[in-house]
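Numbered by our numbering, the letters in the sequence shown go through residues 39 to 494 in order. Backbone N, C-alpha and C define an ideal beta-carbon position, used for all residues, glycine too.
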Amino acid sequence: MHELDRTIWSSTTRRAGGEGLRSQAIQVGGIDVRDLAAQHGTPLFVLDEADFRERAAAMRDAYASGPLDCVVYYAGKAFLCTTVASWVAEEGLGLDVCSGGELAVAVAAGFPADRIAFHGNNKSGPELRAALAHGVGRYVVDSFEEITRLAALAAEQGVRARVLVRATVGVEAHTHEYIATAHEDQKFGFSLANGDALEAVRRVVALDGLDLAGLHSHIGSQIFDAAGFEVSAHRLVRLAVQVREELGVEVAELDLGGGMGIAYTAADSPLDVREMAARLQDIVAKECADHGLPLPRISVEPGRAIVGPTTFTLYEVGTVKQVDLGGGRSRRYVSVDGGMSDNIRTALYDADYTVTLASRVSQAAAVLSRVVGKHCESGDIVVRDAWLPADVTAGDLLAVAATGAYCRAMTSNYNYLPAPAVVAVRDGRSTVILQRETVDRLLALDPGVTRSPGAG
């Protein structure tokens, strides 16, 4: 119940040694979680900087060690702020953004423009103008309308835009249906099946202001094997053959997207990053050899696989309630001071998480519990089924593992809860990299609020 599975928690997260139950609180980056809570408050996202850098470097090195030229782009949608963007740049990765806001973060961080990729199925004119003015390195186009719009704006600014055509390759990864993105009935990309992908390439090649950089696909998220990527690569290579035969153009790059999974619980078994990198490179090399194509550059876009395990969310317990379900059954609800506003994934995707008592260890018996938030919503569940000590009580701290991806990025202000802070920890120091929102800041958005002296 108190052990920390090394496949789930970040590399510097551990129980402190020493005598006594309270002395065995969790430490991360050399800092006791009780000190973090006292200094920064809860809920709190705690990001292990050393672990983030280790994972980014491991991803970079795994793909660099193969036979193909390969570029790794960190998917900023998982979690992004200027500090993280700076780490990504320092570790030699590119950065994938999918909105004007994410681009603004990259610009504010001084991220090299030529290493930025711009995604999104509905990039606006102002967003594209900003990207072109900044010199963004490549654009993943997603519709015929966008191709026309981007070409016109590039010509208007007197620049050329390097474009990857996103193909819907008809591969549905083994994942939750709401995060499987390569089957036909969805909003992303151009269908291979009906010829739209080839037509998109034809239009890119024909329009002034655009250069074809390559082809792109993304088959889903939280993927634990390379089988889906194998089918996707096979179909992308077949499209590259069509492009060469019908348009006389060689495809220089194949982007296989992201989606590499992580362990949220002991039941998850993701592939080692080196094994996944080797498998993907072997797949592309074999497919190109079979079709007589020169070896392209390949690119991948991991986000969750880098930032997901680096972070846990620290909560304070508020109430514990035992509910009689009848027939001799009951359920224990452990309520914390956050919930679906800082982690919507359980409600949205039925996601599973690992949680542990963080501020101490206990010799009490383990009791099946449901960790829930404080929102006025019955679906406000953080961890559906968790074994926690029977003596968990108000004031205890709980840590929910692997919340680095999509939790802070998808925060809301439901019930007017301010978004939690994010602190980076390393070598005994903690640094706020995203400030905690305040109610005052939320009220400042409301023109109807009349402020009086001393109002808080």
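Residue environment, residue i, which counts as buried when at least 16 other CB atoms sit within 10 Å
i: Pro-332; result: exposed
i: Cys-414; result: exposed
i: Asp-388; result: exposed
i: Asn-381; result: buried
i: Gly-364; result: exposed
i: Gly-132; result: buried
i: Phe-83; result: buried
i: Phe-228; result: buried
i: Thr-476; result: exposed
i: Gln-65; result: buried
i: Val-275; result: buried
i: Thr-357; result: exposed
i: Gln-401; result: exposed
i: Pro-164; result: exposed
i: Lys-161; result: buried
i: Gly-346; result: buried
i: Lys-412; result: buried
i: Ser-483; result: The displayed chain sequence assigns Leu, not Ser, to residue 483. Under this definition Leu-483 is an exposed residue.
i: Asp-496; result: The question about residue 496 has no answer here: the residues shown for the chain are numbered 39 through 494.
i: Asp-310; result: exposed
i: Ser-259; result: buried
i: Glu-339; result: buried
i: Ala-305; result: exposed
i: Ala-231; result: exposed
Spatial distance of residue i from residue j (CA atoms)
i: Ala-265; j: Arg-464; result: 37 Å
i: Phe-267; j: Arg-198; result: 31 Å
i: Pro-423; j: Asp-70; result: The identity of residue 423 in the sequence shown is Asp, whereas the question assumes Pro. Going from the Cα of Asp-423 to the Cα of Asp-70 covers about 26 Å.
i: Val-420; j: Ala-192; result: 46 Å
i: Leu-13; j: Tyr-454; result: No answer is possible for residue 13: the residues shown for the chain start at 39 and end at 494.
i: Val-410; j: Cys-326; result: 50 Å
i: Leu-202; j: Glu-291; result: 8 Å
i: Val-126; j: Val-361; result: 47 Å
i: Leu-188; j: Gly-330; result: 32 Å
i: Thr-441; j: Ala-96; result: 20 Å
i: Ser-337; j: Cys-136; result: 17 Å
i: Pro-334; j: Ser-468; result: 43 Å
i: Arg-367; j: Thr-51; result: 36 Å
i: Gly-494; j: Thr-488; result: Confidence is the limiting factor: at Gly-494 the pLDDT is only 46, short of 50, which leaves the residue's position unreliable, though a coordinate-based value still follows. In a straight line, the C-alpha of Gly-494 is about 12 Å away from that of Thr-488.
i: Arg-93; j: Gly-173; result: 28 Å
i: Val-269; j: Val-209; result: 7 Å
i: Glu-237; j: Arg-204; result: 12 Å
i: Pro-458; j: Thr-206; result: 36 Å
i: Gly-68; j: Gln-473; result: 21 Å
As assigned by DSSP and simplified to three states, the class of residue i
i: His-157; result: coil
i: Thr-186; result: helix
i: Tyr-444; result: coil
i: Leu-481; result: helix
i: Gln-423; result: Inspection of the sequence shows that residue 423 is occupied by Asp rather than by Gln. Here Asp-423 sits in strand by DSSP.
i: Met-378; result: coil
i: Thr-80; result: coil
i: Cys-136; result: coil
i: Gln-260; result: coil
i: Glu-291; result: strand
i: Tyr-371; result: strand
i: Gly-346; result: helix
i: Ser-270; result: helix
i: Leu-42; result: coil
i: Arg-52; result: strand
i: Leu-318; result: helix
i: Gly-67; result: coil
i: Asp-306; result: coil
i: Leu-85; result: strand
i: Gly-252; result: strand
i: Cys-326; result: helix
i: Thr-121; result: helix
i: Ala-493; result: Annotation note: pLDDT 48 at Ala-493 (below 50); position unreliable, coordinate value reported separately. Coil at Ala-493, not helix or strand.
i: Ala-171; result: helix
i: Val-275; result: helix
i: Thr-357; result: strand
Interface flag, residue i vs chain D, CB-CB below 9 Å
i: Ala-88; result: In the displayed structure, chain D is absent; only one protein chain is listed.
How about the stretch 90 to 100 and the stretch 416 to 433: do they share at least three Cβ pairs that are nearer than 8 Å? Contact fails between the stretch 90 to 100 and the stretch 416 to 433, because fewer than three Cβ pairs, one in each stretch, are under 8 Å apart.
Can at least three beta-carbon pairs, one atom from the stretch 450 to 464 and one from the stretch 68 to 80, be found at a separation below 8 Å? The answer is yes - the stretch 68 to 80 touches the stretch 450 to 464, with three or more Cβ pairs under 8 Å.
Does the count of Cβ pairs from the stretch 393 to 405 and the stretch 430 to 446 closer than 8 Å reach three? With three or more CB-CB distances shorter than 8 Å, the stretch 393 to 405 counts as touching the stretch 430 to 446.
When you compare the stretch 338 to 356 with the stretch 436 to 445, are there three or more beta-carbon pairs, one atom per stretch, that lie closer than 8 Å? The stretch 338 to 356 makes contact with the stretch 436 to 445; the number of CB pairs closer than 8 Å reaches 3 or more.
Unbroken stretches of the beta strand (DSSP E), 3 residues or longer, contained in the stretch 191 to 250: Within the stretch 191 to 250, the complete beta strand (DSSP E) runs of at least 3 residues are 199 to 206.
Quick test of the definition: if touching needs 3 or more C-beta pairs under 8 Å, does the stretch 133 to 143 touch the stretch 111 to 123? Enough Cβ pairs lie closer than 8 Å, so yes.
Given 8 Å, three or more beta-carbon pairs between the stretch 175 to 186 and the stretch 238 to 249: By the C-beta criterion, the stretch 175 to 186 is judged to be in contact with the stretch 238 to 249, since at least 3 inter-stretch pairs fall below 8 Å.
Quick one: any contact between the stretch 145 to 159 and the stretch 366 to 381, if contact means 3 or more CB pairs under 8 Å? No: the two stretches stay apart, fewer than three of their Cβ pairs being nearer than 8 Å.
The stretch 105 to 114 in contact with the stretch 316 to 323 per 3-pair CB rule at 8 Å: Taking 8 Å as the limit for Cβ pairs, the verdict is that the stretch 316 to 323 does touch the stretch 105 to 114.
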